[in-house]
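*Asks:* Chains as they are written, first to last, in our numbering: chain L, 4 to 191; chain R, 4 to 191.
Protein chains: 2
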Amino acid sequence: MGRWEPNARGRLEQAALELYIERGFEQTTVAEIAKRAGLAERTFFRHFADKREVLFGGAGTLQEFLVSALADASDAATPIDAVAAAFEAAGTLLQERRETARQRQAVIAANAELRERELIKLASLASALADALRQRGVTDSAASLAAEAGSAIFRIAFERWINEAGQPDLPHLIRESLDELKALTAGK
Amino acid sequence: MGRWEPNARGRLEQAALELYIERGFEQTTVAEIAKRAGLAERTFFRHFADKREVLFGGAGTLQEFLVSALADASDAATPIDAVAAAFEAAGTLLQERRETARQRQAVIAANAELRERELIKLASLASALADALRQRGVTDSAASLAAEAGSAIFRIAFERWINEAGQPDLPHLIRESLDELKALTAGK
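#1: Taking a cut of 7 Å between CB atoms, which residues from the segment 55-88 of chain L lie near chain R?
#2: Taking Ser127 of chain R as the reference, give the member of R:Arg14, R:Asp53, R:Phe59 with the closest Cα.
#3: Express the C-alpha separation of Ala88 of chain R and Ser144 of chain L in angstroms, rounding to a whole number.
#4: By the 7 Å beta-carbon criterion, what residues does the segment 109-133 of chain L contribute toward chain R?
#5: Spatial neighbours of Ser180 of chain L within its chain, please: C-beta separation below 6 Å, excluding the five flanking residues on both sides.
#6: Under 9 Å between beta-carbons, which chain L residues line up against Arg107 of chain R? List them in chain order, please.
#7: In the DSSP assignment, find the alpha helix (DSSP H) that holds Val57 of chain R and state where it starts and stops.
#8: Residues of chain L with CB closer than 7 Å to the CB of Gly190 of chain R, please, in chain order.
#9: In the structure shown, what three-state DSSP assignment does Thr32 of chain R receive?
#10: Using the rule of at least 16 other Cβ atoms within 10 Å of the residue's Cβ for burial, across every protein chain shown, is Leu96 of chain L buried or exposed?
#11: So is Lys38 of chain R in contact with chain L if we call contact Cβ pairs under 7 Å?
#12: Less than 7 Å between the beta carbons of Ala72 of chain L and Ala92 of chain L, yes or no?
#13: Relative to the C-alpha of Leu136 of chain L, which candidate in L:Ile165, L:Ile36, L:Thr81, L:Leu20 has its C-alpha closest?
#14: Against chain R, with Cβ distances strictly below 7 Å, would Ile159 of chain L count as a contact?
#15: Just reading off the alpha helix (DSSP H) that Phe47 of chain L is part of, what are its end residues?
#16: Closer than 8 Å between beta carbons: that is the criterion. Which residues of the segment 136-147 of chain R meet it against chain L?
#17: Counting only beta-carbon separations shorter than 7 Å, does Leu184 of chain R have a partner in chain L?
#18: Output, in chain order, the set of chain L residues within a Cβ distance shorter than 7 Å of Ala155 of chain R.
#19: Below 9 Å on C-beta distance, what does Leu187 of chain L contact in chain R?
#20: Alpha helix (DSSP H) containing Asn166 of chain L: first to last residue?
What follows is the structure, encoded as structure tokens:
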């Protein structure tokens, strides 16, 4: 192992996002990312398997956080409220990383392969949430529906958060999105 | 153009599904599909761009059907009821093709590249439905939510339809799934 580098992971992530936006994802090499971050290439590979994982390394962390939040949710919470509350808690953590999230989405939107990868991660997330609901005793189809609806609520709130002017609040947008789905399904 | 072959498209589709299940998708060639169907290879390429399109050619048709059904829906229908009704109407057409649908899902489930392709087609479908709702004057986020929730209802109903024993009725399962989402979001 090399010497400890302060915040190497964050510096590599920031350098990678800058280069992906400046040159395009395809045109950027790991060597360039490491150089921009002022770190050795081997340091990159201690943190990420490849240049794609810089963009998707957080997805596994988010999934673990959500599954754990669901496991801890009150027994009184309905499945969909429990899922939305888990996303709200995650939203609180994401809130301070809006600029990074915006850059990441711009890179993903520009590349078909990355858009596919994002869809796969989101499908895997919904599937993990459905499993976590089944662990709570929710029936099979209700678990799938609540997980899918909750994920849709999050995706739509996230997109608004990324695109709206000013300083939008992600947890607030998630609550709004949940309320809007409830109004829609109530026929209002 | 060659001579007209009765139901060439259906014969090619059936031959392809049989071979994908017997040998795997990767191991099957277009020449083998044409031979199994008793048709020339050039006939295959009059109907499908490649062997993957045999599995996804129907997705465009489904999307057009749903968008058109949404455009024709009563002004009184709520966005989510309009989406669910469009899927129900499509379900009536799909109902008689259950065995083909089962085979297709088995092939897709066995291949990561095909699973990705399926996710992309489903995302594109939800996006087209959201656009169709906006055309009806539904606000931006409500259109996205209703389209995503409606697509989730359909996916979950479709999965039950494929997997349940007996002769399950797809339109009925879609209605059940819609009612279940309504109950979930009403906190029941």
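Beta carbons: idealized from backbone N, C-alpha and C, even for Gly. In this text the structure is predicted, and so the values were computed from the model without any measurement.
*Replies:* To lay it out plainly:
#1: Listed by position along the chain: Thr81, Pro82, Ile83.
#2: Of R:Arg14, R:Asp53, R:Phe59, the smallest CA-CA separation from Ser127 of chain R is found for R:Phe59.
#3: Cα atoms of Ser144 of chain L and Ala88 of chain R: separation of roughly 20 Å, rounded to the nearest angstrom.
#4: Cβ contacts with chain R: Glu119, Leu122, Ile123, Ala126.
#5: Counting only Cβ-Cβ distances below 6 Å, and skipping sequence neighbours, we find Ile156, Ile159, Ala160.
#6: Here the premise fails: no neighbours, minimum Cβ distance about 18 Å.
#7: Start and end: 56-75.
#8: At a beta-carbon threshold of 7 Å, the residues of chain L lying near Gly190 of chain R are Thr81, ordered along the chain.
#9: Coil.
#10: With fewer than 16 other Cβ atoms within 10 Å, it is exposed.
#11: Not an interface residue.
#12: Annotated as proximal: Ala72 of chain L and Ala92 of chain L, with beta-carbon spacing under 7 Å.
#13: The shortest C-alpha separation from Leu136 of chain L is found at L:Thr81.
#14: Closer than 7 Å to some Cβ of chain R, the Cβ of Ile159 of chain L qualifies, so yes.
#15: Its alpha helix (DSSP H) spans residues 44-50.
#16: Answer set for the segment 136-147 of chain R: Ser144, Ala145, Ser147.
#17: Closer than 7 Å: yes.
#18: Correct list: Leu148, Glu151, Ala152, Ala155.
#19: Scanning chain R for C-beta atoms nearer than 9 Å to the C-beta of Leu187 of chain L yields Thr81, Pro82, Ile83, Ala145, Leu148, Ala149, Ala152, Thr188, reported in chain order.
#20: First-last of the alpha helix (DSSP H) with Asn166 of chain L: 143-166.
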